[in-house]
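In UniProt numbering, the protein residues as written are 1 to 202.
Report on the following structure.
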Amino acid sequence: MSSPGDRILDVGCGVGGPMRAIAAHSRAKVVGITINDYQVNRARMHNKKAGLDSLCEVVQGNFLEMPFPENSFDGAYSIEATCHAPKLEEVYAEIFRVLKPGSLYVSYEWVTTDKFKSSDPEQVEVIQGIERGDALPGLRNYTDIAETARKVGFEVVKEKDLAKPPAQPWWTRLKMGRIAYWRNHIVVTILSALGIAPKGNC
């Protein structure tokens, strides 16, 4: 739980939605890092518009080599961000380095669970769709993630699968045929070339 005066790190902050919510409710100083300059500019604009630019700072940088000194944060979190790291131990080691001893790091990420069957073509197709759609290097199993966290020095206090089985799985909306997939790809490419949509950084 963050408090006024705490310095909290948002690892892979994107445009800063969670950052603003945490700063507004806790009055803690939240520092976000993202490698994408478009996201930096959007986050700063939204922070200013929300009147939270004194509590929210956005730094452009690589979360594998963060420009922060050791033991400089009272807490850290990541939301669907560290899953983009090619090597998870590298980003976890950096987070561990910049946290003060005994501080809490909370992560909410795309993972596979023990229910995933690599022999099931439908499950494999869903996983590959997520990986392509989110430009992920590959989804990791949550037990491997916990082990990686321990390896770099973290004590894993709690790990939990927060996905509850809904009446209709969310991913059914991701199912699309080849025509729809290529149509979307072409539209996004054209919008990017015209400068209407930002260029991707893949």
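Glycine is no exception: its CB is placed at the ideal position from the N, C-alpha and C atoms.
Nothing here was measured: the structure is a model prediction, and the numbers come from that model.
Best match in the options for proximity to residue i [C-alpha to C-alpha]
| i | options | result |
| --- | --- | --- |
| residue 12 | 91, 140, 119 | 91 |
| residue 161 | 134, 109, 154, 189 | 109 |
| residue 136 | 86, 8, 151 | 86 |
| residue 9 | 39, 55, 84, 37 | 55 |
| residue 17 | 192, 79, 184 | 79 |
| residue 155 | 41, 184, 104 | 104 |
| residue 98 | 69, 138, 129, 130 | 69 |
| residue 139 | 193, 183, 84, 189 | 84 |
| residue 82 | 187, 35, 183, 163 | 35 |
| residue 40 | 19, 26, 124 | 19 |
| residue 157 | 106, 128, 183, 123 | 106 |
Assigned secondary structure, residue i (DSSP; H/G/I helix, E/B strand, else coil)
| i | result |
| --- | --- |
| residue 140 | coil |
| residue 101 | strand |
| residue 81 | coil |
| residue 34 | strand |
| residue 194 | coil |
| residue 75 | strand |
| residue 106 | strand |
| residue 187 | helix |
| residue 152 | coil |
| residue 163 | coil |
| residue 94 | helix |
| residue 157 | coil |
| residue 45 | helix |
| residue 202 | Summary for residue 202: the model assigns pLDDT 41, below 50, so the residue's position carries little reliability; its value from the coordinates is reported in the next sentence. Correct three-state label for residue 202: coil. |
| residue 14 | coil |
Residues bridged to residue i [DSSP beta-bridge criterion]
| i | result |
| --- | --- |
| residue 7 | 29 |
| residue 58 | 32 |
| residue 112 | 141 |
Proximity below 8 angstroms, CB of residue i to CB of residue j
| i | j | result |
| --- | --- | --- |
| residue 148 | residue 94 | no |
| residue 23 | residue 52 | yes |
| residue 28 | residue 4 | yes |
| residue 73 | residue 150 | no |
| residue 58 | residue 43 | yes |
| residue 14 | residue 33 | no |
| residue 141 | residue 101 | no |
| residue 96 | residue 153 | yes |
| residue 146 | residue 159 | yes |
Touching by the beta-carbon criterion (3+ pairs, under 8 angstroms), the region 109-122 and the region 34-48: Contact fails: fewer than three Cβ-Cβ distances are below 8 angstroms.
Stretch pair the region 115-134 + the region 57-69: three plus CB contacts closer than 8 angstroms: Short answer: they don't touch.
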